[in-house]
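Protein chains in written order, with my numbering: chain A, 1 to 680; chain B, 1001 to 1436; chain C, 2001 to 2292.
Using N, Cα and C, we set each Cβ at its ideal position, and we do this for glycine too.
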Amino acid sequence: MNEVPILSVKDLAVSYKTRKGQVDAVRDVSFDICEGENLGLVGESGCGKSTVAFSIVNFLGPNGFVSNGQILFKGQELRGRSEEELRKLRGADIAMVYQEPMSALNPSMMIRDQLAESLVIHRGMKREDAYRECEEALHRVYMPDVEGVMKRYSFQLSGGQQQRVLIAMAMLNNPALLIMDEPTTALDVTVEAAVLDLIAELKQKYRTATLYISHNLGVVARVSDKVAVMYAGEVVEYATTKDIYARPTHPYTKGLMRCLPDVDAPKGTRVLVPIPGRVPSPDQVPAGCIFAPRCEHRKDTCDVGRPQLLEVATGHLVRCSSAMEWYAQPIDAAHRIPPPPSREAPPVVLDAESVKTYYPVPFKTVKGLFGMEKRRYVRAVDDVSVTVQRGRTLGIVGESGCGKSTLAKTIVGLEPLRGGKVDFLGIDVTKPIQKRSLSTIRELQMVFQDPNGTLNPSYSVGDQIAESLKRFRTVPSGEVYGEVVRLLRAVKLNENYYHRLPRQMSGGEKQRVGIARAIASNPAMVVCDEPVSALDVSVQAAVLNVLVEVQQQHDTAMILISHDLSAVRFFSDDVAVMYLGRIVEIGPCEAIYSPPSHPYTAALLAAVPRPDPTLEQKNIRLSGVVPSAVNPPSGCRFHTRCPFVMKGVCDVEEPPVQDIGNGHKIVCHLPTEQLYHLNP
Amino acid sequence: MALYIIRRLLTLLLTMIIVSIVVFAVVEIAPGNVARNILGAYATPEQEKSMENQLGLDRPVTARYINWLLGSDWQARGAMGMPVREIVVEQGTQARYRQWWAVDEQGNLVQWKIAGQDLVKLIRQADGSVLEVPDNEAWKEGPDGEQFFWGVDTGNRIAKWVKGQGGVEYRLEYSGWIETAGSPVDYIPLSKGLVRGDMGLSLQYKRPVADVIGRRIQNSLTLAMLAFLVAIPVGVLLGLLAGLNGGKKLDRVLTLGGLVTAATPDFAAGIFLVMIFAMWLKILPGATVYTDASSVLSKPSMLVLPVLTASLVEVGYILRITRASVLEVMSAAYVRTAILKGLPRRKMVFGHVLRNSLMAPVTVIMLHVNWLIGGLVVVEAVFGFPGLGNFILNAALYKDVFAIEAGAMVLVVLAVVSQLVADIIYSYLNPRIRYS
Amino acid sequence: MTAATQTAILPPRRRQRFADSMRVVLSSRVAVVGLVIVLFWVVVAIGAPVFTKYDPSKDQDYKALDQAPSAQHFLGTDHLGRDVWSRVAYGARTILLLGPLSVAVAFLIGMALGLPAGYYGGWLDEVIMRLLDALMAFPTILLYMIIISALGASPVNVVIAISVGGAPGIARLVRALTLDIRTREYVSAAKLRGDSAARIMAREILPNCRGPLIVDFLLRVGYAAFYIGTLGFLGLGLPPPTPDWGGMVQEGHARMMANPWPVLAATGAIVTLVIGLNLFADGLREETMRYQ
C-alpha cells in the first residue's frame, strides 16, 4: 500500500495534569487508516479508546494534552496546529459520532438548525440552501419522515433516529475521516443492527476513512477492516479483522474471546474463562508488561521492561514478549464440553398465570384533570404466563421496554399485580411484598442490574450480607461472620472483602456480592434482572459462572432477564421472548434458537453481532419504533414492525398460539411452514 | 400547555387558601388580647368584653375566618332580610370614610340607633344629610317572647338590639371612655372580606387598611422593579462572564464577589452604603422622606441607595446561579458536538450555550422573588422607605392585626403571582416542556 | 501527625470515613478559609469571658458614652457606655447557639415530612407538598415577622420562627433525595429482606442523603445567622439588654452619625460569620462534587 493514509497516528501519548502530577492515559499508540478503511479500536472501558479519538481533534479538556508522538492527517501534522486551523478541520474534514445521541444534540434547537449550522460555517451556504442539503443528508441515512424530523427537537426522536441525525450531520461535509465513538452502545440490538448496516453501506458508498471505537468484539467484526485492541492505554494487538479473529494472539485478546458467551452454544456446553482482576487506572500502570498482573501465562521476565510490538505475521502486531509462541497456539477449543444429559422434568417452583402489571398514565388534558376522562394505563406486562422448574433457568429476552424487568419485579412482589395469579411453591403470592410472610420472602430473592445501585454505599459488604442472615435467621447469630465469609467464597471473593465499602470495589465484584446477598437466605428461586449487562465483557464471565455454580450446587430455580441473547443461551433451559408486554414465543432454549421461530425472535437473532467476520448473517431488520404500551397495536402487537405482516389479518385478529410440540409455542398468524424458514 | 397553566392555577388557589389559614391562625394564636391591646392596660373587664363584642372577636374562629376572607355582608342579609351596601363619604378633599348602610324596599340607605326606648331609623338623603324616623314597628318577636331587632348601626356593624334589655357599650374616643346604655347585645362587623378587597380596619391608623396600603404597594413595587432592573442584567452578565471564563482569575474574583454580596445581610449592605455615600462622600441622602401622597419617583436621588441595597444581594445570587448554569451547559455533550462541528467560539456561545444556560436562572431568579420581597422589608426599614414592607413591620411591632393579615396576604399574592409568571415564561422558553 | 494518631482509635470504617472527610475539607482552599473564619467566632464565643474585660450588659460606664476605640475599649463603647467588644463577643454566643439549634430543629421537622412524602408518594405526598408550598409561598422574612409578632420576641420564639421557616425547604430537599434513592436497587433489596418502611427510610435512605444534607445544613446555619441578625435589626430579635448583633445594629442605626462603632462592629461580625459559613459550605460542596 503506497497511498498516503488519511490518518496516521505514530507513538501517540496523551497525558493529563492532575493534582497528583502528570498521568499518562495513553502511551505508544500507532495505527493507520486509509481511504475506505474502517479501523476498529476495541477494549474494555477505561482503556483510553475515547482519549485517542479526542486527541485527534485536540479536544482533551483543560488539563489533557498530547505529550508525545505524531498525528498525521493526509500526511500533515495535526499536533501544534492553532485552534482556528483545527476548527476549520473539525466538522468538515474530520467528523465525529458519539455514544449518547440524546445528550449530543442540543435540546432547545430544531434538528434542521443543528444540521444546517455545519454547512453555513464550513461552506458559507445560505440557510435555505443548507436546509435542502440537510434533507438530502437525512434521506441518505434512511430517516423516515424527513420533513417532519427537520422541524423537531432531539427529545422528540427515538434513539435510533437521533443517531441517524448525528451520522447525517457528520457526513454533511463529506469528511475524509469519520470518528465513531461507541455509536450503537446505547441502542437496542435490533436498532443497533440497522445502524451498523447503515455504517457499512456508507463506507461502501463514500469510502470515508473511519475510526470505529467499541467495546463489543461482535460489532467490530461486522464493520471493521482492521482492529486495534487497546488495554490500559496501549495497543496490545493490531491486525486485519480476519487475522485477529482467526488467530487472536495476545493473551488479553484471547481472554476477551474466551469470556464471551456464544449465541450458538447451548447451556452447559461451554465454560467461560473470565480474566481475573481489573483494568489498572492510568496512575497505577505496572512497570513491566501492563497486562502481566492479569495474565495467566505470566513469567518473571514480564515484569521487567515494556514489551515492544512484535510482528507475528505480515501486518499482525502483538505487544507480548512471547507473542510468537501464542501465535502458533490457536485459541483452545478445550473449553467446549459436551452437553449434560437431560433430566426428568423437575417439579414446578413458580407458576405465573396471565400476569398483568399496569401503571396509570398521568392525565394529559384539561378534561382528564377534572376526572372527565377514563384513566389510561401503560400495559407494561399484559397477560403473561410462565412456569419455572427447580434447578432450571427461564430466560426472558426482549428489547428495552418490552416489560421483562417489570415482570421480574412483579413476580418478586416489588410491583403490584393488576390481574392474574402467581403461585410459588404452592403458596399464593399474588400480593405485594409488604403482605408476604417472611418465610415466603426468603425463598424468592433477586439479583439486580446496576452494580452501582445494588449495594448500599453506606455499609460494608459484610454488614449487608449479614443483615439478610440475621433477618432470616439462616444461621445462629454466633455463626453469622463465618457464614458471610462462606458466601463471599461461594461468589469467588475472599474474606478481605468483609469490611470493604461498595465504592472500593469494581462492578463485577459488586454484582457478585449482590448474588451472595440473594443466596444468603438459601432461596428456592432467584430472579436475576440483567445481572451482567452493565459489566465489561471480561467480568461478565465471572458473574455468569458464579450463577451457574450456585444453581448447580443448590438446585435453585432461576429467572434470567436479559437483552443479550448469548448470555441467555449460556444460562437458560427455557426461554420466553417478550414484545410489548406479551410473550411471542416460549419454549425450551434449543427450540427457541433454531427454527421454527417467531419473526421477532428471528429478527433478534439476526441482529446479534457475532465475533466472527467470516459469518454471513441473514438480514431480517425491523423498521419503525416500538409502539406505546398505553395504546398497543390491534391484532398482533408486532404487526407494525413485522417484515412479514399480512394486511387484514395481523392488524385485526389476535394471533393464535401455535404449539410446535415439546412445550415450544409461537404466537403468530404466519403458517408454521413459513416460520421454519425465518431463522438465520 | 393549557393543562399545565390550569393545573398551576388550581394549585395556586389551593396554596393561597392554605396561606390565608396560616396567616389567620398565626395571628389568632398570638398571646395577648387584641381588645386589651387597643384599650391599653387599664381597661376594666367589662370594657374589654364590650370591645371584643363590638369587634366580633367573641364569635367562633371559623365564622371569623370566613368573615375575614369572604366578608359578612351576605350574612347580614340573612339576619336582617335586607341587603347592605358600602358607600364612600368624602369630607373636604382629604378625608374619606367608608360607611355601611342597609338598603330598604324603597331603595333608601338606612341605619338604626336607639334613642331611649325607641328604635330610630336613620334615612340618608341625597345631599348626605340624615333623616331620623322612629321605627318601633320593626321590633320582632323572639322565641322567648322578647322583642329584638337586627339592623345596621352607625359603627359599620350589624347589631342586635333587644327591647328593654340594652347592653352597655364602651367606646374609646379621643376624649375618653364613652358609655352608652341600651346598646346592642350582639354585633357582626360588616366587611366585604379580603378577597373582595376589604382588608379591615387598621388599629394603628384608625383607617381602612386598603386606603393606607394602596400607595405603599405601589412604592414597594417601584422599588422592587427598579432593583430587578438593576440586578438581573448585571447579575446575568457577570455570571456569564464568570461561567465562560470558568476557572480563570476573572471567574474566581467574580465568584468570590458574588458570594460576599449574596452572604451580606441586606441591612448590613444598606448600612455600609449609607456610610459610604451619605456619611463619607455625602453625595446621596441616607434616608427617604416622602409625603403620603407623592410618588417615590418624584425624588429619584432618594431611591438610589435603597435600589442599590436591594439589588446588591440579588446580583450576587443571580451571578452564582448563572455561572453554575453556564458551567453545566459548557460541559454538556451537545456543546462538545457544536465545538467538534467546527463552530467558532462566538457562534457556539450565542447559538448553543446562552439559551440553554439562561433557562435555569430565569426560574431561579423568579422563584427568588420571595427573597427579594423579604429583602425589601429590610431595605425599607433601613431607609424609612414608605413601602409595604415597612408597613407590615410597623404593624407587626404595633400588633395591628388586620394590617398584618392584609399586608401578609398582599405580599404572598405578589410573590406567588410572579412565580407563576416565571413558570409560564420558563415553560415557553423550554421546548421540552412546551411540547409535552 | 496528630490526625493519624487520632484516627487510629476509630474502627476501620469510621477511620476511613473520617480521613476521607478531612481530606475533602482540607483539599479545598475555599473551605479552609471559611472554616478558619467560623472557628474564629466559635473560639470567641466559647472564650468570651476570657477575651473581654467587661460584662456585656451590666457594665455601663456613664462617663464614657459613645467612645471611639481605645486601649480601654478595644471597639469603643455604645450610647449606654457598654463595651462594644464585649457585646460582640457575647453576641457570638447567642448567634452560634441559636443558629445551629434552630437549623437542627428545622432538619428534624423537614426530615419527618420529607422522608415519608418521598417514600410513600401518593396522597400523603400531595398533602404534605401542598402544605409546604403554602409555607414556601411566604417571603421568608415575612413569615418570621408574623410569627415573632404573634409569639413575641424571645430566644425560643426566634428558634421556632427560623425552624418553621426553614423546614419546608429541607423537607423538599429530603423528599427529592428520597425520590431518587428509593428507586435504587439496594432499597428493593431491603424490601426483599422484609424490612419495614420505617427501617428502610432510616437505614437505607437517610444515611445516603447525608452528603447533600451536610452541605445544606452548613448553608442554612449561614442563613440562620443572616436572619437572626436581620430579625434583631428589625427589632424582632432578642429583647434589649441581651447582647445580640442584630439588636446592636438596630440600637445604633439611628445614631450612626454620632457613633458608627457599635453598628460597624456588629455588621462586620454578622457579615464575616455568614460569609465564613457560606465559604465553608460552598467549598465543601464543590469538593464533594469533584470527589465523586
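Item, Value
"Who does Tyr377 (chain A) pair with in a DSSP beta bridge?", "A:Pro360"
"Going straight from the alpha carbon of Gly288 (chain A) to that of Asp2195 (chain C), what length do you get?", "50 Å"
"Could you work out which residues of chain B lie near Val688 (chain A), taking near to mean beta carbons separated by less than 7 Å?", "In the structure as shown, chain A begins at 1 and stops at 680. Residue 688 (chain A) is therefore absent and cannot be evaluated."
"How big is the Cα-Cα spacing for His2253 (chain C) and Ile1018 (chain B)?", "37 Å"
"Please classify Met143 (chain A): does DSSP put it in a helix, a strand, or coil?", "coil"
"Which residues in chain C sit within 7 Å of Ile467 (chain A), going by Cβ to Cβ distance?", "As written in the sequence, residue 467 (chain A) is Glu, which differs from the Ile given in the question. Simply Arg2193."
"Note down the Cα distance separating Ile1188 (chain B) from Val1378 (chain B), rounded to an integer number of angstroms.", "37 Å"
"With 16 as the cutoff for other CB atoms within 10 Å, does Ala1063 (chain B) come out buried or exposed?", "exposed"
"Among A:Arg582, A:Asn496 and A:Leu560, which residue has its Cα nearest to the Cα of Asp574 (chain A)?", "A:Leu560"
"Taking only the alpha-carbon atoms, compute the straight-line gap between Ala334 (chain A) and Cys259 (chain A) and give it to the nearest angstrom.", "Caution applies to Ala334 (chain A), whose pLDDT of 47 falls short of 50 and renders its modelled position unreliable; the value that the coordinates give is listed next. For Ala334 (chain A) and Cys259 (chain A), the distance between alpha carbons rounds to 13 Å."
"Could you confirm whether any beta carbon from chain A is found closer than 8 Å to the beta carbon of Pro1361 (chain B)?", "no"
"Excluding sequence positions up to five away, which residues of its chain have a Cβ less than 7 Å from the Cβ of Trp1150 (chain B)?", "Ala1079, Met1080, Ile1158 and Lys1160"
"Select from A:Ser45, A:Asp113 and A:Arg207 the residue whose C-alpha is nearest the C-alpha of Pro5 (chain A).", "A:Arg207"
"Take the Cβ of Phe2233 (chain C) as the centre, count every other Cβ of all protein chains shown within 10 Å, and call the residue buried at 16 or more, exposed below.", "buried"
"Where Trp2245 (chain C) and Gly1351 (chain B) are concerned, what is the direct C-alpha to C-alpha distance, given to the nearest angstrom?", "49 Å"
"Decide yes or no for the touch test of the region 1271-1289 of chain B against the region 1377-1392 of chain B: beta carbon pairs closer than 8 Å, at least 3 of them.", "yes"
"Could you tell me the boundaries of the beta strand (DSSP E) in which His664 (chain A) lies?", "His664 to Val667"
"Just mark Tyr1097 (chain B) as buried or exposed, buried being the case when its beta carbon has 16 or more other beta carbons within 10 Å.", "exposed"
"Would you kindly work out how many angstroms separate the C-alpha atoms of Thr2007 (chain C) and Ala2019 (chain C), rounded to a whole number?", "Because Thr2007 (chain C) sits at a pLDDT of 37, beneath the cut-off of 50, its placement in the model cannot be relied upon, and the point is left open."
"Strictly by DSSP, which residues pair up with Ile559 (chain A)?", "A:Leu394 and A:Val527"
"Using the beta-carbon count (16 or more within 10 Å), is Leu1013 (chain B) buried or exposed?", "exposed"
"With 16 as the cutoff for other CB atoms within 10 Å, does Asp1127 (chain B) come out buried or exposed?", "exposed"
"If you follow the beta strand (DSSP E) that His316 (chain A) is part of, which residue opens it and which one closes it?", "His316 to Val318"
"Can you list the alpha helix (DSSP H) stretches of 4 or more residues lying completely in the region 1233-1273 of chain B, in chain order?", "1249-1263 and 1266-1273"
"Express the C-alpha separation of His639 (chain A) and Pro632 (chain A) in angstroms, rounding to a whole number.", "11 Å"
"Below 8 Å CB to CB, which residues in the same chain sit around Met1 (chain A) once its five sequence neighbours on both sides are set aside?", "Per-residue confidence for Met1 (chain A) stands at a pLDDT of 48, beneath the threshold of 50, marking its modelled position as unreliable; no derived number is given."
"Nearest to Glu1380 (chain B) by alpha carbon, out of B:Glu1169, B:Tyr1398 and B:Asn1394?", "B:Asn1394"
"Note the first and the last residue of the continuous beta strand (DSSP E) segment covering Gln169 (chain A).", "Here the sequence assigns Met to residue 169 (chain A), which means Gln is not the residue at that position. Looking at the DSSP string, Met169 (chain A) is not in any beta strand (DSSP E); the run it does join, the alpha helix (DSSP H), is Gly159 to Met171."
"Which residues does DSSP list as the beta-bridge partners of Phe448 (chain A)?", "DSSP output for Phe448 (chain A) lists no bridge partner at all."
"In chain C, what lies closer than 8 Å to Asn1370 (chain B) by C-beta?", "Met2136, Ala2137, Phe2138, Pro2139 and Thr2140"
"At what residue ranges does the region 543-604 of chain A contain a whole run of the beta strand (DSSP E), taking only runs of 3 or more?", "557-562, 574-579 and 582-588"
"Are the beta-carbon atoms of Cys668 (chain A) and Pro609 (chain A) separated by less than 8 Å?", "no"
"So, using beta-carbon positions, are Val1133 (chain B) and Val1152 (chain B) closer together than 8 Å?", "no"
"By how many angstroms is the C-alpha of Lys1399 (chain B) removed from the C-alpha of Gly2091 (chain C)?", "27 Å"
"Given a cut-off of 8 Å on the beta-carbon distance, is the pair Phe570 (chain A) and Pro274 (chain A) in contact?", "no"
"Considering only their Cβ atoms, is the gap separating Leu1226 (chain B) from Leu1319 (chain B) smaller than 8 Å?", "no"
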